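Participant:
Protein chains in written order, with the numbering used here: chain A, 217 to 396; chain B, -15 to 742.
#1: In the structure shown, what three-state DSSP assignment does residue 248 of chain A receive?
#2: Are three or more beta carbon pairs between the segment 480 to 491 of chain B and the segment 154 to 171 of chain B nearer than 8 Å?
#3: Residue 353 of chain A to residue 422 of chain B, Cα distance in whole Å?
#4: Does residue 218 of chain A pass the burial test, meaning 16 or more other C-beta atoms within 10 Å, or should it be called exposed?
#5: How far does the beta strand (DSSP E) with residue 486 of chain B in it reach, from first residue to last?
#6: Any beta-carbon of chain A closer than 9 Å to the one on residue 369 of chain B?
#7: With 16 other CB atoms within 10 Å as the buried threshold, where does residue 142 of chain B fall?
#8: Enumerate in chain order the residues of its own chain whose CB-to-CB distance from residue 225 of chain B is below 8 Å, with the five nearest sequence positions on each side excluded.
#9: Who are the Cβ neighbours of residue 400 of chain B in its own chain at under 8 Å, not counting the five residues just before and after it?
#10: List the residues of chain B that residue 382 of chain A touches, going by C-beta distances under 7 Å, in chain order.
#11: Got a sec: which bits of the segment 116 to 138 of chain B sit with their beta carbon under 7 Å from any beta carbon on chain A, in order along the chain?
#12: Would a check of beta-carbon distances place residue 291 of chain A closer than 9 Å to chain B?
#13: Pick helix, strand or coil for residue 578 of chain B, following the three-state DSSP scheme.
#14: For residue 265 of chain B versus residue 285 of chain B, is the C-beta spacing smaller than 9 Å?
#15: Starting from the C-beta of residue 383 of chain A, find all residues in its chain whose C-beta is less than 6 Å away, skip the five residues before and the five after it, and write them out in chain order.
#16: Starting from the Cα of residue 722 of chain B, find the closest Cα among B/703, B/490 and B/177 and give me that residue.
#17: Can you give the beta carbon distance from residue -10 of chain B to residue 109 of chain B, rounded, assuming they're within the 8 Å contact cut?
#18: Do you know offhand how far residue 506 of chain B's Cα is from residue 447 of chain B's?
#19: Give a yes or no on whether 9 Å exceeds the smallest Cβ distance from residue 587 of chain B to chain A.
#20: Three or more beta-carbon pairs under 8 Å between the segment 238 to 250 of chain A and the segment 90 to 101 of chain B, yes or no?
#21: Whole-angstrom Cβ separation of residue 257 of chain A and residue 269 of chain A, contact assumed at under 8 Å?
#22: Residues of the segment 334 to 361 of chain A in Cβ contact with chain B at a cutoff of 8 Å, in chain order, please.
#23: Between which two residues does the alpha helix (DSSP H) carrying residue 339 of chain B extend?
#24: Using a Cβ-Cβ cut-off of 9 Å, state whether residue 364 of chain A counts as contacting chain B.
#25: Strictly under 9 Å for the Cβ-Cβ distance: is residue 338 of chain B near chain A by that measure?
#26: Quick one: what's got a C-beta closer than 8 Å to residue 0 of chain B's C-beta in the same chain, skipping five residues either side?
#27: Can you list, in chain order, the residues of its chain whose CB lies under 6 Å from that of residue 27 of chain B, leaving out five sequence neighbours each side?
#28: Using CA coordinates, which residue listed in B/696, B/662, B/633 and B/636 is at the minimum distance from residue 647 of chain B?
#29: Is it buried or exposed for residue 732 of chain B, if we count other Cβ within 10 angstroms and need 16 for buried?
#30: DSSP on residue 284 of chain B, reduced to helix/strand/coil?
#31: Please list the partners that residue 327 of chain A has in chain B, where partner means a Cβ-to-Cβ separation under 7 Å.
#32: Where does residue 397 of chain B land, buried or exposed, given buried means 16+ other C-beta within 10 angstroms?
#33: Below 8 Å on the Cβ atoms is my contact criterion, and I expect residue 76 of chain B with residue 113 of chain B to pass it. Report the Cβ-Cβ distance as a whole number of Å.
#34: Would you kindly work out how many angstroms separate the C-alpha atoms of residue 412 of chain A and residue 569 of chain B, rounded to a whole number?
#35: Note down, in chain order, every chain B residue with its Cβ under 7 Å from the Cβ of residue 260 of chain A.
#36: Which of helix, strand or coil does DSSP assign to residue 346 of chain A?
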């Protein structure tokens, strides 16, 4: 079980207007703000609950994604993992760092916040990680026992892909509030 | 054993010969990486497997500030001429006659999710395309398609492309008979056939169940079939009228009748004979003259018919010509549910609007075909899974993609319509207005296509949003219009057969490129694409919505009862329509309205073919713009002559327009060129053609040759078709002159070729 394609989504609970973000995304390309080689903007605002607005890249894609009617910032790594990303935990860490960077930029440029209390991991790699109870258990253990503690204090992990084998394994992680 | 590859996983699921082909393709990828295949050979190999190039795959992209090199890690490795190995590409997936089942839809949804951008894009030829695919993912992608009975073989390249067919075949109320088994037999007979491997260009085939509707669009295909029946000896026998040599592209050609009433048993050998003649005599060197339409035009229809008949006589017999006929059923599909009728049960909100436009009553009583209207032809993976579930629950196997970039569900029992509507609505798939004015067809344009000049999808989305907003108040005559948009002159959006079509081009103002669209009016969707519209004038992209409103409102107000848009254009006159759009043709200054210098949906400053205009080189006195306006005026007058039946004058005017456009370019460098056509052509050739300045990046010298060919020899006989074609050529020549002028200006700005008037 060693997935190539890992996506992490940070949810947005406030109103967003994707039309306003087209220029923002182009600006991120112009200013080389994101990790990885980012190529172009793909606009799917017209597709209900679809992939939204994407920044297509070589190693991975960033998006303001509308899937499931739950908007969020996503990063999906696809290929050419950086050196050292040779465990699933390390790969989750890379993906999380990149999506958090996108979320920071979003906050900086638009004021939009992501929900710090939850995130979603989607492993769109049905060969390495089919949507089975065994896969969920394995990924859950990796998330819960991550030595780098990249997610912070986890309060719950659950499979949100159901038991439909055609779905990609999708896990929602709840993060406990950090005491101030 | 642990499964580690899709190849292992699907070993027994793929038909062995297909598995072998994919293995071979994967080996070719490896050989290319090792430098053992040339770009040319590998490029065609990959295209024949449907793995296409995509915008920016030359490793250059203008980001709105400057053109930058995209630092792909490929290290010089290419997958074709000027095509970087690591640059994402498009995978075209052949869906013969658009027919697919839920399992296949799900497989493609998974592929879109894993390898692409979560979107399945339906094309105007009933294919499905996935974008942003890495070449090295394609063998596995093909295996996973192969496991559900889909091949990408010969989806692109110089081969027989996806065979189109009416999506209502078998359920249509006006068809002669169901063309599905014939389209299916033709697909598998020609795929990989020895006689279709040596074409100079692509070859497109379509089937239609009748002559009057549009569904198969037979009249703009290389080879087209219209179903007919006749009673012979008291029995109903099946035949086809066979059309040949049609095509859209830059200069559209209407197909001609190759043979009428061809018996069903003859269509495969006849197609094989046509293929042999095309392979043997078709142009191979100049790809711009290599489609079958040029061969038919060159030989003349009669000679082409004779050659096909001769070839047919000497073909070695093949059992496959007729073996499929034993299995041709009366009906290709079986309904999942018994026929029923709407029974007065309460209807969900929105149902009536949807029912009025998206539901077709099949000839089988109690059944309907419903159209799922997909904006810009896009469906997400999640929607595709949901649709597969809905199909399984209500119809079983029966889905088809349409040439209007939608999907249809066939054999829906009428009583189930409210439930199907509600199920679709939950997934955003119950948009009303299928095949109406809000259902705009668009090619990918500058979003992903290397050839795109302007944003066809951006414009289509903008028009669509505006029309939906006022759909309730639109005149019914406007609601029925067909609107189709292409990003360039190549007509993938099928703008020629729309009531109102647009194709992308560019103009220059203040040394900046401005996205424009040519307005194409008077096409005919019915009668299998029965007439082609002509360009009326180029309008800045930002003004297209206003032009659309002006034309459609004038039509609604001026039309006589039942007058179609096509007929109205004929009556109202292109000259008057040109007067309508004239106020919208000017470009305001950059300081006044900078938005005119970017395209719909793309805030970057517009560039032509992603070529930078460069930093401000000072204001250029554009003699060209003044001079080329004369050429445009001449071309438009030719159009009026054509409309009014003065074909000789129209042809001559179009030729003169090309001379004037060439002169406009020359005058920017050599002001005393004079008016002698011989001298103008000679100077144009040496200054712009031989230097390749006039060359389009992809069409190369095609447009220049229009002038040389006409200048060298005036046609002996001039009829409507000749005149119409010359006008198309003149318009394209003028477009190329604009592009050439922009290129020269850009190079002058970057210290390249000097502009003597700068």
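All C-beta atoms, glycine included, are put in the ideal place defined by N, C-alpha and C. Being a predicted model, the structure only gives us computed values, none of them experimental.
Facilitator: Concretely, from the data shown:
#1: As a position in the first chain, residue 248 of chain A is number 32, starting the count at 1. Residue 248 of chain A: coil per DSSP, three-state reduction.
#2: Not touching, per the Cβ criterion.
#3: Indexing the first chain from 1 puts residue 353 of chain A at position 137. Indexing the second chain from 1 puts residue 422 of chain B at position 438. Annotation: residue 353 of chain A to residue 422 of chain B spans about 47 Å, alpha carbon to alpha carbon.
#4: Against the first chain, residue 218 of chain A aligns to sequence position 2. By the neighbour-count rule (16 or more Cβ atoms within 10 Å), residue 218 of chain A is not buried but exposed.
#5: Here residue 486 of chain B refers to the residue found at position 502 when the second chain is read from its first residue. From DSSP, the beta strand (DSSP E) with residue 486 of chain B extends over 484 to 493.
#6: Here residue 369 of chain B is taken as the residue at index 385 of the second chain, counted from 1. Proximity of residue 369 of chain B to chain A, defined by a Cβ-Cβ separation below 9 Å, is satisfied.
#7: One-based indexing of the second chain puts residue 142 of chain B at position 158. By the neighbour-count criterion, in which 16 or more other beta carbons inside 10 Å mark a residue as buried, residue 142 of chain B falls on the buried side.
#8: Within the second chain, numbered from 1, the residue matching residue 225 of chain B stands at position 241. So the list reads 195, 209, 210, 212, 241, 243, 244, 245 and 246, once near-sequence residues are dropped.
#9: Taking the first residue of the second chain as 1, we reach residue 400 of chain B at position 416. Within the same chain, residue 400 of chain B has close Cβ partners 321, 324 and 378.
#10: Indexing the first chain from 1 puts residue 382 of chain A at position 166. Here the neighbours are 90, 94 and 369.
#11: Cβ contacts with chain A come from 116 and 118.
#12: Working through the first chain from its first residue, we reach residue 291 of chain A at position 75. Using beta-carbon distances, residue 291 of chain A does not count as an interface residue toward chain B, since no partner is under 9 Å.
#13: Taking the second chain and counting its residues from 1, the one referred to as residue 578 of chain B is at position 594. Secondary structure of residue 578 of chain B (DSSP, three-state): helix.
#14: Mapped onto the second chain, residue 265 of chain B falls at position 281. Mapped onto the second chain, residue 285 of chain B falls at position 301. It is not a contact, given that the beta carbons lie outside the stated cut-off.
#15: Position 167 of the first chain, counted from the first residue, corresponds to residue 383 of chain A. Correct list, in chain order: 347 and 377.
#16: In the second chain, residue 722 of chain B corresponds to position 738, counting from 1. Minimum Cα-Cα distance from residue 722 of chain B among the listed residues B/703, B/490 and B/177 corresponds to B/490.
#17: Counting from one through the second chain, the residue named residue -10 of chain B turns up at place 6. Counting from one through the second chain, the residue named residue 109 of chain B turns up at place 125. For residue -10 of chain B against residue 109 of chain B, the beta-carbon gap comes to about 28 Å, at or over 8 Å, which does not count as contact.
#18: For the purposes of this step, residue 506 of chain B is taken as the residue at position 522 of the second chain. For the purposes of this step, residue 447 of chain B is taken as the residue at position 463 of the second chain. In a straight line, the C-alpha of residue 506 of chain B is about 19 Å away from that of residue 447 of chain B.
#19: Taking the second chain and counting its residues from 1, one reaches residue 587 of chain B at position 603. Chain A, which has a Cβ nearer than 9 Å to the Cβ of residue 587 of chain B, makes this yes.
#20: At 8 Å Cβ cutoff, the stretches do not touch.
#21: On the first chain, residue 257 of chain A is found 41 positions in, with the first residue counted as 1. On the first chain, residue 269 of chain A is found 53 positions in, with the first residue counted as 1. Under the criterion of beta carbons closer than 8 Å, residue 257 of chain A and residue 269 of chain A qualify as touching, at roughly 7 Å.
#22: Along the segment 334 to 361 of chain A, going in chain order, the ones with a CB nearer than 8 Å to a CB of chain B are 340, 341, 342 and 343.
#23: Translated into positions along the second chain, residue 339 of chain B becomes position 355. Element bounds for residue 339 of chain B: 335 to 342.
#24: By 1-based counting over the first chain, the position of residue 364 of chain A is 148. Not closer than 9 Å to any Cβ of chain B, the Cβ of residue 364 of chain A fails to qualify, so no.
#25: Walking along the second chain from the start, residue 338 of chain B turns up at place 354. Not an interface residue.
#26: Counting from one through the second chain, the residue named residue 0 of chain B turns up at place 16. Taken in chain order, the list of residues that qualify is empty.
#27: Counting from one through the second chain, the residue named residue 27 of chain B turns up at place 43. The answer, listed in chain order, is 64.
#28: Taking the first residue of the second chain as 1, we reach residue 647 of chain B at position 663. Ranking B/696, B/662, B/633 and B/636 by Cα distance to residue 647 of chain B puts B/662 first.
#29: The sequence position of residue 732 of chain B within the second chain is 748, counting from 1. By the Cβ neighbour-count rule, residue 732 of chain B is buried, with 16 or more other Cβ atoms within 10 Å of its own.
#30: Along the second chain, one-based indexing puts residue 284 of chain B at 300. In the three-state reduction of the DSSP assignment, residue 284 of chain B falls in the coil class.
#31: The residue given as residue 327 of chain A occupies position 111 in the first chain. Going along chain B, no residue has its Cβ under 7 Å from residue 327 of chain A, so there is no contact; the nearest lies around 19 Å.
#32: By one-based count along the second chain, residue 397 of chain B stands at place 413. Buried.
#33: Numbered from its first residue, the second chain carries residue 76 of chain B at position 92. Numbered from its first residue, the second chain carries residue 113 of chain B at position 129. Separation of the CB atoms of residue 76 of chain B and residue 113 of chain B is rounded to 5 Å, and the pair is thereby assigned contact status at 8 Å.
#34: There is simply no residue 412 of chain A to check, as chain A begins at 217 and stops at 396 in what is shown.
#35: Here residue 260 of chain A refers to the residue found at position 44 when the first chain is read from its first residue. Within 7 Å Cβ-Cβ: 103 and 362.
#36: As a first step, residue 346 of chain A is located in the first chain; it is residue number 130 there, counting from the start. In this structure, residue 346 of chain A counts as coil in the three-state DSSP scheme.
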